[in-house]
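Asks: Shown below is the structure under consideration.
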Amino acid sequence: MPRTYIGALRGFDDGTDVVIYGWLQEARIMKNVSFLILRDNTGIIQATFKNDEATLEAIKRINRESIVKVQGVINKKSVSKSGIEIKGTSVSVVNEAEAPLPLPVIDPVQADLETRLNSRFIDLRKRNVSAIFRIESSLLWGIREYLHGQNFIEVHTPKIVAAATEGGADLFPVRYFEKDAYLNQSPQLYKEVLMSAGFDRVFEVGPAFRAEEHNTTRHLNEFTSIDIEMSFADHNDAMSMLENAIKSGVENAIRANNDDFEALGISIGVPETPFPRITYEKCIELLSSEGIDFKFGDDFSPDHLRMIGSRFKGFYFITEWPASVRPFYTMPKQDDPRLTNSFDLQYREIEVTSGAQRVHDPKMLVERFREKKLDVKSFQFYIDAFKYGMPPHAGWGLGLERLTMILLGLNNIRETTLFPRDRTRIIP
Ligand code: ATP
Ligand code: MN
Numbered sequence: 358m359p360r361t362y363i364g365a366l367r368g369f370d371d372g373t374d375v376v377i378y379g380w381l382q383e384a385r386i387m388k389n390v391s392f393l394i395l396r397d398n399t400g401i402i403q404a405t406f407k408n409d410e411a412t413l414e415a416i417k418r419i420n421r422e423s424i425v426k427v428q429g430v431i432n433k434k435s436v437s438k439s440g441i442e443i444k445g446t447s448v449s450v451v452n453e454a455e456a457p458l459p460l461p462v463i464d465p466v467q468a469d470l471e472t473r474l475n476s477r478f479i480d481l482r483k484r485n486v487s488a489i490f491r492i493e494s495s496l497l498w499g500i501r502e503y504l505h506g507q508n509f510i511e512v513h514t515p516k517i518v519a520a521a522t523e524g525g526a527d528l529f530p531v532r533y534f535e536k537d538a539y540l541n542q543s544p545q546l547y548k549e550v551l552m553s554a555g556f557d558r559v560f561e562v563g564p565a566f567r568a569e570e571h572n573t574t575r576h577l578n579e580f581t582s583i584d585i586e587m588s589f590a591d592h593n594d595a596m597s598m599l600e601n602a603i604k605s606g607v608e609n610a611i612r613a614n615n616d617d618f619e620a621l622g623i624s625i626g627v628p629e630t631p632f633p634r635i636t637y638e639k640c641i642e643l644l645s646s647e648g649i650d651f652k653f654g655d656d657f658s659p660d661h662l663r664m665i666g667s668r669f670k671g672f673y674f675i676t677e678w679p680a681s682v683r684p685f686y687t688m689p690k691q692d693d694p695r696l697t698n699s700f701d702l703q704y705r706e707i708e709v710t711s712g713a714q715r716v717h718d719p720k721m722l723v724e725r726f727r728e729k730k731l732d733v734k735s736f737q738f739y740i741d742a743f744k745y746g747m748p749p750h751a752g753w754g755l756g757l758e759r760l761t762m763i764l765l766g767l768n769n770i771r772e773t774t775l776f777p778r779d780r781t782r783i784i785p
């Protein structure tokens with residue numbers, strides 16, 4: 358008899374013979390009957406067994422979380438909570454779990470995050486933990502779908518590179534045979550080169566590596582970056598692409614992940630577009646109206662951003678950042694070169710995306726390299742791509758784990774990462 362997913366049992370008639378496989382979540386042995394609670398990726402079901410001597414002996418020996426096979430008959434007149442159960446006819450162990458478990462799956466007192474991450478394979482069995490990753494998958498799927506619909510193609514650029522994208526210190530060096538190389542911190546340079554190649558619109562979903570020394574609740578050392586780059590476009594085009602992509606992601610999750618939101622005990626709404634926009638200089642005014650002295654050219658602290666963010670319901674853009682805090686490839690604002698055609702998408706105090714119109718004139722680009730005191734030689738492959746017909750272009754980078762974190766109201770980015778890499782953790 359073929360295997361039936363637990364989630365599909367509802368679709369069968371009362372009295373149908375079925376075979377199910379799953380993790381034994383719990384066995385409750387009563388005087389005359391025993392209840393086995395079985396779980397697979399699609400749901401939970403109770404199987405009831407009469408306590409004849411052989412069955413009782415078998416059930417007593419099965420450790421929690423073992424993989425078991427249950428054969429039985431669907432009972433739709435069940436008194437169980439879900440109104441459906443299996444009248445078990447046989448049970449066997451497919452693969453035994455050791456006891457005790459490193460971490461309980463049914464966990465009345467939530468273990469601390471460190472302990473959970475150490476035994477992540479068990480932690481992920483919990484319904485309210487796996488829910489996060491199902492929703493994350495749907496968010497990404499909705500974003501991908503939207504970008505495909507806008508004629509973007511998905512690309513894959515190298516993660517082992519010779520030059521630092523932004524020349525910063527937050528790079529992981531790797532030995533590349535007889536050369537020095539790094540793990541890429543962003544696909545920025547390559548997606549821009551693809552604009553010169555005439556690809557028009559590209560997106561990439563891939564890992565980005567940052568050797569950030571600080572351990573915070575919103576930084577990982579390896580995260581998933583959703584990047585786009587589009588030709589004949591400016592920062593305003595990039596911003597509307599971003600808000601629509603996020604909207605599409607959220608809509609898809611709301612459509613597909615009802616049970617997961619329920620497991621998390623939350624519900625989310627589709628964000629209203631367009632997201633409000635506020636300039637960097639307006640933010641300074643806002644801060645000074647609250648009595649905070651802020652120097653033009655600095656970056657905002659989380660406290661500043663909390664104050665600014667309190668003016669908005671959810672997402673908002675901060676635009677026109679000063680050139681001093683933006684990377685070399687950012688396009689200066691035409692009528693005020695102290696500023697740039699750039700934006701950050703914020704959710705309260707948390708940055709979710711950075712983006713901008715980019716410099717496309719090779720002379721201006723080299724100038725910007727000099728201003729930022731970067732070595733032009735190590736970026737030659739990139740600069741060359743600007744000399745032979747580079748269209749104006751714009752784009753952004755969106756952190757998937759951060760997006761999931763803020764949408765689900767979680768307070769640590771490790772919650773939205775299967776196997777987080779942070780300052781101290783590389784296992785598991
Ligand atoms: P922050 O100022 O928060 O450190 P950033 O400005 O250095 O971020 P960008 O280079 O602008 O980050 O990267 C684009 C997006 O990628 C960010 O808005 C964020 O969503 C995500 N991101 C950047 N760094 C990290 C990180 N270390 N861990 C997780 N996500 C990150
Ligand atoms: Mn940024």
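To convert, count from 1 in the sequence shown and add 357; that's our numbering. Think of the CB as a built atom: it goes at the ideal place given N, C-alpha and C, for glycine as much as any other residue. Since the structure is predicted, the reported quantities are computational estimates derived from the model, not experimental observations.
Go to Pro-357, then tell me how far its alpha helix (DSSP H) extends in each direction, as first and last residue.
Replies: Within the shown structure, residues of the chain are numbered from 358 to 785, placing residue 357 beyond reach of any answer.
Asks: Given this structure, state the Cα-to-Cα distance separating Val-390 from Lys-407, to the nearest angstrom.
Replies: Spanning the two alpha carbons is a distance of roughly 5 Å.
Asks: Alpha carbon to alpha carbon, how far is Arg-385 from Leu-413? Give it in angstroms, no decimals.
Replies: Whole-angstrom Cα-Cα distance: 11 Å.
Asks: Going straight from the alpha carbon of Glu-471 to that of Pro-465, what length do you get?
Replies: Computed Cα separation, rounded: 17 Å.
Asks: Is the beta carbon of Arg-575 sitting closer than 8 Å to the one on Arg-759?
Replies: The answer is yes: Cβ separation under 8 Å.
Asks: Quick check on the burial criterion: 16 or more other C-beta atoms within 10 angstroms. Buried or exposed for Tyr-533?
Replies: Tyr-533 comes out exposed.
Asks: Exposed or buried, what is Val-716 when buried is set at 16 or more other beta-carbons lying within 10 Å of its beta-carbon?
Replies: So Val-716 ends up on the buried side.
Asks: Report the rounded CA-to-CA distance for Val-798 versus Glu-561, giving the unit in angstroms.
Replies: There is no way to answer for residue 798, as the model of the chain reaches only from 358 to 785.
Asks: I'd like the ranges of any beta strand (DSSP E) spanning at least 3 consecutive residues and lying wholly in the segment 426-477.
Replies: Runs found: 442-452.
Asks: Enumerated in chain order, which unbroken segments of the alpha helix (DSSP H) with a length of 4 residues or greater are wholly contained in the segment 605-657?
Replies: For the segment 605-657, whole alpha helix (DSSP H) runs of length 4 or above, ordered along the chain, are 615-621, 637-646.
Asks: Could you tell me how far apart the beta carbons of Glu-442 and Ser-435 are, in whole angstroms, since I believe they sit closer than 8 Å?
Replies: Indeed, because the Cβ distance is near 4 Å, the residues count as touching under 8 Å.
Asks: Applying the 10 Å Cβ sphere with the 16-neighbour rule, what's the burial state of Lys-604?
Replies: It is buried - the Cβ of Lys-604 has at least 16 other Cβ atoms within 10 Å.
Asks: Between which two residues does the alpha helix (DSSP H) holding Leu-540 run?
Replies: That residue, Leu-540, is in no alpha helix (DSSP H); its beta strand (DSSP E) goes 536-540.
Asks: DSSP puts Gly-754 in a beta bridge; with which residues?
Replies: According to DSSP, Gly-754 bridges with Asp-584, Ser-711.
Asks: Indicate the three-state DSSP secondary structure (helix, strand or coil) for Thr-774 in the structure shown.
Replies: Coil at Thr-774, not helix or strand.
Asks: Please output, in chain order, the residues near the ligand MN using a CB cut-off of less than 7 Å to any non-hydrogen atom of the ligand.
Replies: The answer, residue by residue, is Asp-701, Glu-708, Ser-711.
Asks: Less than 8 Å between the C-beta atoms of Leu-765 and Ile-583, yes or no?
Replies: No, Cβ-Cβ distance for Leu-765 and Ile-583 is not below 8 Å.
Asks: Compute the beta-carbon to beta-carbon distance between Glu-600 and Gly-499, rounded to the nearest angstrom, for a pair I have assumed lies under 8 Å.
Replies: 13 Å between Cβ atoms; not a contact.
Asks: On a Cα-Cα basis, can you pick out the residue from Ser-711, Asn-578, Gln-507 that is closest to Thr-781?
Replies: Among Ser-711, Asn-578, Gln-507, the Cα nearest to that of Thr-781 is on Asn-578.
Asks: Looking at Ile-492 and the ligand ATP, is the gap between the Cβ and the nearest heavy atom below 7 Å?
Replies: Every heavy atom of the ligand ATP is 7 Å or more from the Cβ of Ile-492, so no.
Asks: State yes or no: is the C-beta of Gln-703 within less than 8 Å of the C-beta of Leu-662?
Replies: Yes. Within cutoff.
Asks: Quick one: is Lys-720 buried, meaning 16 or more other Cβ sit within 10 Å of its Cβ, or exposed?
Replies: Exposed: under 16 other Cβ atoms inside 10 Å.
Asks: By Cβ distance below 7 Å, which residues in the same chain neighbour Arg-473 in space, the five residues on each side in sequence not counted?
Replies: Answer for Arg-473: Leu-460, Asp-480, listed in chain order.
Asks: Are Asp-591 and Gln-714 closer than 8 Å when you measure CB to CB?
Replies: Yes, these two residues count as a Cβ contact at 8 Å.
Asks: For the ligand ATP, is there a heavy atom less than 7 Å away from the beta-carbon of Met-582?
Replies: Rather than Met, the amino acid found at residue 582 in this sequence is Ser. Ser-582: yes, Cβ under 7 Å from the ligand ATP.
Asks: Check whether the Cβ atoms of Thr-399 and Ile-363 sit closer than 8 Å, and answer yes or no.
Replies: It is a contact, given that the beta carbons lie within the stated cut-off.
Asks: Using the three-state DSSP reduction, which class does Leu-510 fall into: helix, strand or coil?
Replies: In the sequence as displayed, the identity of residue 510 is Ile instead of Leu. Strand at Ile-510.
Asks: Taking its Cβ as the centre, do 16 or more other Cβ atoms sit within 10 Å of Gly-752, making it buried, or is it exposed?
Replies: By the neighbour-count rule (16 or more Cβ atoms within 10 Å), Gly-752 is buried.
Asks: Would you say the beta carbon of Arg-705 is closer than 7 Å to some non-hydrogen atom of the ligand ATP?
Replies: It does not: the Cβ of Arg-705 is nowhere closer than 7 Å to a heavy atom of the ligand ATP.
Asks: Can you list, in chain order, the residues of its chain with a C-beta nearer than 7 Å to that of Leu-504? Leave out the 5 residues immediately preceding and following it.
Replies: Closer than 7 Å at Cβ, skipping near neighbours: Phe-560, Ile-585, Ala-602.
Asks: With DSSP run on the structure shown, which of helix, strand or coil describes Val-518?
Replies: DSSP places Val-518 in strand when its eight states are reduced to three.
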